[in-house]
Each structure stands twice: as structure tokens, then as C-alpha cells.
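Visitor: Residue 921 is where the sequence shown starts when you use this note's numbering, and the numbers rise one by one after that.
Backbone N, C-alpha and C define an ideal beta-carbon position, used for all residues, glycine too.
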Amino acid sequence: MNKKLLALVSLACVLPAQVKVNEAELERIKSEEMEHSQAMHTLHMLTDRFGPRLTGSPNFEAAANWVVKQMKDWGFQNAHLEPWDFGHVGWLNMRASGYMMTPIHGDLTFRVLSWTPSTQGTVNASAVEVEVPHGPPAPPPAEGAPARGGAGPQFLQPTRAEFDAGIAGLGAKVKGKIVLAGKAAVVPVNFTPAPLRRGEGDARGGFGGRGGRGAAPTPDPNRMTAAQVAEAFDQFLVASGALLRINDAAMDHGLIRAFQNRTYDLAKAVPTVVMRNDDYGRIERLLADGEDVKLEFNIVNETYPNGKTSYDVVGEIPGSDKADEIVMLGGHLDSWHSATGATDNAIGSTMMLEAARLIKALGMKPRRTIRVALWSGEEEGLLGSAAYVKQHFGTAEEPKPEWAKLDCYFNIDSGTGRVRGASVFGPPEAATILSGVMARYKDWSMGTATATTSRATGGTDSTNFNAAGLPGIGLQQDPIEYGSFTWHTQLDTYERIVPEDVKQAATEIAAMIWTVANLDEMIPRLPKDQMPAPAVPRGGR
Ligand SMILES: [Zn+2]
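1) Can you tell me which residues form a DSSP beta bridge with N1044?
2) Contact between the stretch 1268-1280 and the stretch 944-962: three or more CB pairs below 8 Å?
3) Whose C-beta lies closer than 6 Å to the C-beta of G1129 among residues of the same chain, with five residues either side of it excluded?
4) Does F1030 come out as helix, strand or coil in the three-state DSSP assignment?
5) In terms of DSSP beta bridges, what is W1295 paired with?
6) Under 7 Å: does the beta carbon of H1257 sit that close to some heavy atom of ligand 1?
7) Alpha carbon to alpha carbon, how far is M1451 from E1236? Give it in angstroms, no decimals.
8) Round the Cβ separation of G1356 and P1444 to the nearest angstrom and send it over; I've been treating them as touching at under 8 Å.
9) Would you identify the three-state DSSP class for M1021, choosing helix, strand or coil?
10) Less than 7 Å between C-beta atoms, sequence neighbours within five positions excluded: which residues of the same chain meet that for V1094?
11) Can you give the Cα-Cα distance for N1265 and K1310, rounded to whole angstroms?
12) What is the DSSP secondary structure of M1171, reduced to helix, strand or coil?
13) Below 8 Å between beta carbons: does that hold for R1031 and V1193?
14) Can you find a heavy atom of ligand 1 that lies under 7 Å from the Cβ of E1298?
15) I'd like to know whether the C-beta atoms of R1196 and G1239 end up nearer to each other than 8 Å.
16) Closer than 5 Å from C-beta to any heavy atom of ligand 1: which residues, in chain order?
17) Is the Cβ-Cβ distance between A1045 and L1206 less than 8 Å?
18) Give every residue of the same chain whose Cβ lies closer than 7 Å to the Cβ of D1198, excluding the five residues on either side of it in the sequence, and list them in chain order.
19) Does the CB of L1076 have a neighbour CB from chain D at under 8 Å?
20) Suppose you measure from the CA of P1191 to the CA of D1185; what does that come to, to the nearest Å?
21) In terms of alpha-carbon separation, which member of E1245, D1232, G1394 lies closest to T1370?
22) Could you check where the alpha helix (DSSP H) with E1082 kicks off and where it finishes?
23) Check whether the stretch 1295-1314 touches the stretch 1374-1392, counting contact only when three or more Cβ pairs, one atom from each stretch, lie closer than 8 Å.
24) So S1230 packs on T1036, CB below 8 Å; how close in whole Å?
25) Using 8 Å as the threshold, is the stretch 1267-1277 in touch with the stretch 1137-1156, meaning 3 or more CB pairs across them?
26) May I have a chain-ordered list of the alpha helix (DSSP H) segments no shorter than 4 residues that lie completely inside the stretch 1332-1366?
27) Residues in the same chain with beta-carbon distance under 7 Å from L931, minus the five sequence neighbours each way, listed in chain order, please.
28) Leaving aside the five residues before and after G995 along the sequence, list all residues of the same chain whose C-beta is less than 6 Å from its C-beta, in chain order.
29) Per DSSP, what kind of secondary structure is Y1414 in: helix, strand or coil?
30) In angstroms, rounded to a whole number, what distance separates the CA positions of E1151 and L1354?
31) If I measure Cβ to Cβ from S1258 and keep anything under 8 Å in the same chain, skipping five residues before and after, which residues do I get?
32) Is the stretch 1417-1430 touching the stretch 1137-1146 in the sense that three or more CB pairs, one from each, lie closer than 8 Å?
33) According to the neighbour-count rule (16 or more other Cβ atoms, all chains shown, within 10 Å of its Cβ), is A999 buried or exposed?
34) Just to confirm, are I1290 and V1247 a CB contact at a threshold of 8 Å?
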């Protein structure tokens, strides 16, 4: 392209959706990212240097403090931590080893369930498998419903009476034993692995968009919830003097997802591990032969009282003539503990920091203030962003002054893939504006935005903005290995990141926030009479 033509194109070319993008500026953003990207360094620090960033842990706090310092070094203004009340001690696993000792020595692969206690030194005891009480067989899932956690009979949760009947007389069996909780899942070989990238025009992300996980089945009030069963079974194991609990990870390829003791009270659980399906099944088969399977574990966990206060990280690039209006972007900085949380969600945090850094590094001055916010407590139920939205914005029904000044909030939380689409809370015109910017990145397979009017929370942090009636924008990404391998597993590491996709994503996000921050009007919102009623909260992960 010759200079004269370039100059012509640079004069604000009009895209199909009548959004003016400044070609020259977007080219500068792209060049800066392609030639001077700092994304992989940011990712390296968040993952390798600070490690798993469980909410309330010193790892998280160190990572958050580093982000503040990094923002200041890049020239962001107002970089600071915003405390919120997590209410639970921080927790970290410091060491964990486990072996099969008899009838043959064998390694065991597992992760420790968070917010569970340490073993008292090394425990060595016989394994027993007991059934966690359940209800009658569940009706088969609806056609096309996602199956997860292995095949095999599925059961309804028990009523309290069924639960009590199920554990009656089991106390003596588990006393002084290492307890396998439930039958091993049967996880067949998968002959149809999911594609790493979506086809052209398919903008769904790793979970089909993360606007929420679809409607949960209506709970039967007579039956216990899964969380109630877990808590009651833990209570039974503590009361009966069981030494350790083993859960089946129920995934193929040795994958493990270890979540938390949902009471966050270490006294209410025995030491607990989540073991790869292969080892769990091996122990189960040996027990079925009548063998005495002796296992040995040594687990050391630490707790941190200071974790009761957690922090969101916030920093800004100040605006000019519309500085009191805010374009926000972010994702969650916290992670699960089985790996370094690279794809969930150090890379999302990295992409957002990098997008803002590009604008700052190029000396570009937005009309509106651009604010980056990285959340904690996402994995425990979108808690950090909920606290922020509550404190700063309120809701459509009870707005605080800042509610009217938020232009929109961009969120990313679906792994390493480039951006393919977006979901925005608001009227169709809101999506049209975003699609106008996105159209420029068609050659990177960027699709379009869609509008949603759902105020249900779930999936990820942008839904807390939707719930408040604000324009939350969930960016959708190519799945790569997110749903299949890395999401919440022990494989969620730096190595699973695709640097080229990260650079494209940072460029695309910078282009979107830059364009939106300079429009004459804010992203359109649903008028008062079209605002749907708030949804009943149901949390998320
Ligand atoms: Zn996440």
C-alpha cells in the first residue's frame, strides 16, 4: 500500500456497522504488540514466579502486588488493591506424597483438595471403598447435554433419610482406614476429540460463550444438594475416625481437577485427595480381589488467617474530555491450585494488562478513562467482582452514581485462544457497535458480537455486571485445549499457551477498548422499561 492510499484509509474508515475505527491507530497497536509484546513475560511472572493463585493465599497476594507495581512501571495511574471480605483463611498445599505399599509398591498421582487438613505425619493404613449414599438412578440426560466425569450409572442425590440409611453401620468399616469415596468412574476412550479451533463463523468459546452454563435442573427440595452430601459425608468420616478420603478424578489421561472443601472449615473434613482415575481404578480392582491394599500418605497444608481479606487489582489510563466515563476490562487473577493457572486465567489477566499497556506505551490518550480490573475469588463463586460491582455500581434497581458512568466491562476467561466473538448485555445496537470493530479482524477469524438480556450470573465475572444491568461483555475464544485438558487441571501451565493467539487477542482487545473509549456515545443500554428483573443468583466457577 502506498503512502497516499494509507493516509486516505487512515482517515477513519467506516465499517459496515458505522463505527469509525482509526486505521492508523489500530495499525500502531498491532505493530507494537507484534514487535514489542510483553505478554509472555507477564504470563511467566504470574504463573512461574507466583505459582497457583488460590484466593486468600500469599501466592495470590504476591501476584496482585506485582501487578500493581507493573502497572505503575508502565505508567498506569491509580494502581491499587481493593480489599473485599473473603471471610475464609487462605490455604496452600506445601507437600504431598502418596504410595501404594501392599500388595505391590506403586506410585499414586493425585492433588490435594483445598481447604482440607494435613495428615498427622505419615499415615499408613488399609484402603476401603465405600459407597457415598445416593438416591435412585437418575433419568437419562437430555439429548446433546454435555457429559462429564465419566460414564457409568448416574444417581439422584439422596434424601436425608436415604443418606442416613446409607452410612448406618459404616462407621466401624472406615475407622482408622483410608477411604475411597464411591465407585471408580468408567471413562471410555474418546474417539471424537473436540476440535481445537471452531469453524468459520462459529464464535462460541471453549464453553460456548461463558455467558452462563445453561439452566440448572430444578432441585428437588426433598433431596440433598451435592454440597450437602459432600459436607455430611465428610462429617461422617471425621466422626468415625477415618484417616484420609480419596475422591476419583473421573477423567481420562490422568487428568485431575481438585476443587475445595466447600465449608472452608478444615475441622469439618479429613485430609482429602483427588486421585487420577487410573490409580483409583487400580486400587478398586485389587480390593475386589480381596487384597489388603495398604496406602501411605504424607500431606502438609498451611493456612493463612490474613486471607480472610482478599483483593481485586485496579489501575487506569486516565481519559481526557470524557474522563469521568469508564471503559473497564479485566478477568480473574486467582486460580485453582493443581497447576499454575496459566489458561485459567493468568493468560486472560495478561491479555487485558497487555491491551491497556499497548495504548499507554504508544502514548495514545483515550477520551474516556480505561480501567483494568483483575479479580480474586472468581473460582469460589465470582466473589471479587461481585464485591466490586456492589460497592461501586449497585444495581439497575438501586444504582450508585458510578452506575451511570460505566461505559462497559470487557471480560476474558476462556483460555489461550484468539478472540472469536463477544456477548454483550444490552440491546442489539450494543452488539452492532462491537461487531463493527470486530469486523476489522476477519482475517484472524474474528466473528461478531451478540446481545443478551440475561441477568443470570455464572460462568465468569462479566455476568456480575450483567446482573447489575450494566453492559458486561464476555469475550469468546477458540477452545484450543481449554475444556479438554487445561481447565482447572494439573496441566494448566505456561507450556499450554499459544503465543501467537495471545498476541492477536491483545491486539484485538486493545482495538476494541480504544475504539469504544473514543466514541461520541457510550455503549447503548436497555431502557428502564425493557430491563429484565434480576435473576436468582446461582454462583459460578
Ligand atoms: Zn476462569
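Guide: With the structure as the only source:
1) Translated into the one-based positions of the sequence shown, residue 1044 becomes position 124. Beta-bridge partners of N1044 (DSSP): E1216.
2) Contact holds: three or more Cβ-Cβ distances are below 8 Å.
3) As a first step, residue 1129 is located in the sequence shown; it is residue number 209 there, counting from the start. Residue placement at G1129 cannot be trusted, given a pLDDT of 39 that sits under 50; what the coordinates show is reported in the next sentence. Only residues of its own chain outside the window of five on either side were considered, and among them S1343, Q1396 have a CB closer than 6 Å to the CB of G1129, listed in chain order.
4) Against the sequence shown, residue 1030 aligns to sequence position 110. If DSSP states are grouped into helix, strand and coil, F1030 belongs with the strands.
5) Here residue 1295 is taken as the residue at index 375 of the sequence shown, counted from 1. Beta bridge pairing from DSSP links W1295 with H1252.
6) Locating residue 1257 in the sequence shown gives position 337, counting from the first residue. Flag unset: Cβ of H1257 not near ligand 1.
7) The residue you call residue 1236 lines up with position 316 of the sequence shown. The residue you call residue 1451 lines up with position 531 of the sequence shown. A straight-line Cα-Cα distance of about 30 Å links E1236 and M1451.
8) For the purposes of this step, residue 1356 is taken as residue 436 along the sequence shown, with counting starting at 1. For the purposes of this step, residue 1444 is taken as residue 524 along the sequence shown, with counting starting at 1. Contact flag wrong, Cβ pair sits at about 13 Å.
9) One-based indexing of the sequence shown puts residue 1021 at position 101. Look at M1021 here: in three-state DSSP terms it is strand.
10) To locate residue 1094, count along the sequence shown from 1; it is residue 174. Once the five neighbours on either side are set aside, the close Cβ partners of V1094 are V1048, V1050, L1157, S1160, A1162.
11) Along the sequence shown, read from residue 1 onward, the residue named residue 1265 stands at position 345. Along the sequence shown, read from residue 1 onward, the residue named residue 1310 stands at position 390. Their backbone Cα atoms lie some 23 Å apart in a straight line.
12) In the sequence shown, counting from the first residue as 1, residue 1171 sits at position 251. Residue state, collapsed to three classes: coil.
13) Reading the sequence shown from its first residue, position 111 is the one you call residue 1031. Reading the sequence shown from its first residue, position 273 is the one you call residue 1193. If you check the CB distance, R1031 and V1193 come in under 8 Å.
14) Translated into the one-based positions of the sequence shown, residue 1298 becomes position 378. Checking the Cβ of E1298 against ligand 1 gives yes.
15) Position 276 of the sequence shown holds residue 1196. Position 319 of the sequence shown holds residue 1239. The answer is no: Cβ separation not under 8 Å.
16) Listed by chain position, these are D1264, N1265, D1333.
17) To locate residue 1045, count along the sequence shown from 1; it is residue 125. To locate residue 1206, count along the sequence shown from 1; it is residue 286. Result no, Cβ atoms of A1045 and L1206 do not sit closer than 8 Å.
18) Numbered from 1 along the sequence shown, position 278 holds the residue referred to as residue 1198. G1174, listed in sequence order.
19) Chain labels in this structure do not include chain D; a single protein chain is all it has.
20) Taking the sequence shown and counting its residues from 1, one reaches residue 1191 at position 271. Taking the sequence shown and counting its residues from 1, one reaches residue 1185 at position 265. The alpha-carbon atoms of P1191 and D1185 are separated by roughly 12 Å.
21) Locating residue 1370 in the sequence shown gives position 450, where the first residue counts as 1. Comparing Cα-Cα distances from T1370 to each of E1245, D1232, G1394, the minimum goes to G1394.
22) By one-based count along the sequence shown, residue 1082 stands at place 162. Per DSSP, E1082 belongs to the alpha helix (DSSP H) from 1080-1087.
23) Using a C-beta cut-off of 8 Å, the stretch 1295-1314 makes contact with the stretch 1374-1392, since at least three inter-stretch Cβ pairs fall below that distance.
24) The residue labelled residue 1230 in the question sits at position 310 within the sequence shown. The residue labelled residue 1036 in the question sits at position 116 within the sequence shown. About 20 Å separates the beta carbon of S1230 from that of T1036, a gap too long to meet the 8 Å contact definition.
25) Fewer than three beta-carbon pairs drawn from the stretch 1267-1277 and the stretch 1137-1156 are found closer than 8 Å, and the two stretches are therefore not classed as touching.
26) For the stretch 1332-1366, whole alpha helix (DSSP H) runs of length 4 or above, ordered along the chain, are 1348-1358.
27) Position 11 of the sequence shown, counted from the start, is the residue given in the question as residue 931. Model confidence at L931 stands at a pLDDT of 41, short of 50, so the residue's coordinates are unreliable; what they give is reported in the following sentence. Here the set comprises nothing.
28) The residue given as residue 995 occupies position 75 in the sequence shown. K1280.
29) Within the sequence shown, numbered from 1, the residue matching residue 1414 stands at position 494. Looking at Y1414 - three-state DSSP - the assignment turns out to be helix.
30) As a working mapping, residue 1151 is identified with position 231 in the sequence shown. As a working mapping, residue 1354 is identified with position 434 in the sequence shown. Their backbone Cα atoms lie some 45 Å apart in a straight line.
31) Your numbering for residue 1258 matches position 338 in the sequence shown. Counting only residues of its own chain and dropping the five nearest sequence neighbours on each side, S1258 has a CB closer than 8 Å to the CB of P972, R1031, I1176, R1177, A1178, H1408, T1409, Q1410, D1412.
32) Contact annotation: the stretch 1137-1146 does not touch the stretch 1417-1430, with fewer than three C-beta pairs closer than 8 Å.
33) To locate residue 999, count along the sequence shown from 1; it is residue 79. Flag for A999 reads buried.
34) Start at 1 with the first residue of the sequence shown, and residue 1290 comes out as number 370. Start at 1 with the first residue of the sequence shown, and residue 1247 comes out as number 327. With a cutoff of 8 Å on beta-carbon distance, I1290 and V1247 are scored as near each other.
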